[in-house]
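Chemist:
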Amino acid sequence: MPNAPEAVSLPVVGMTCAACAANIERALKKLPGIGDAGVNCATNRAAVTFDHSVLDVPAIVEAIRDVGYDVIVRPGGHMTDGIWPAAIRRASSIDGCRVL
Ligand SMILES: [Cu+2]
C-alpha cells in the first residue's frame, strides 16, 4: 500500500521574479518522490507534495539551496512569520536573478 503523499509549504528567500520560481520548480520536479511542486515568487512559497518514504523535507530544502535560494527552517520544523524580516535582509546577499 503506497504511503499517502505528504504536503509542505516552505518559505523561500531570494526569489526576485517568476524565472526564479521556475528555476526552483524545475529543480524540485527532478527529485525522486516528488508528487507536485508549485513555487510562487509573489508569496515566496514553495508548495510541495512528496512521498515521505522516498524523500524528506531536508532533501527538498537542500535542492532549493543547490539552485541558489534559501529556505527558512527553524529547528523543530516550525516556521513563523516573525523571523521573516531578518531573513529577507539576509536574502539580499543571495545571488539570485535581478533582471526583470
Ligand atoms: Cu528571478
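Note that my numbering has the sequence shown beginning at 10, numbered continuously upward.
Virtual Cβ for every residue (Gly too), placed ideally from N, Cα, C.
Exposed or buried, which one is V112 when buried takes at least 16 other CB atoms within 10 Å?
Modeler: The question about residue 112 has no answer, for the chain in this structure spans 10 to 109.
Chemist: On the three-state DSSP scale, how would you describe D75?
Modeler: helix
Chemist: For the alpha helix (DSSP H) that contains N32, what are its first and last residues?
Modeler: 27-38
Chemist: If we ignore side chains and look at the alpha-carbon of each, how far apart do V70 and I43 end up?
Modeler: Near 13 Å, if we compare the C-alpha coordinates of I43 and V70.
Chemist: Find out if the Cβ-Cβ distance for the pair V66, V17 is shorter than 8 Å.
Modeler: yes
Chemist: Does the distance from the CB of V36 to the CB of D60 come in under 8 Å?
Modeler: Sequence check: residue 36 is Ala here, not Val. Going by C-beta atoms, A36 is not nearer than 8 Å to D60.
Chemist: Tell me which residues share the same chain as T58 and place their Cβ nearer than 6 Å to its Cβ, disregarding the 5 neighbours each side in the sequence.
Modeler: P14, A16, G44, D45
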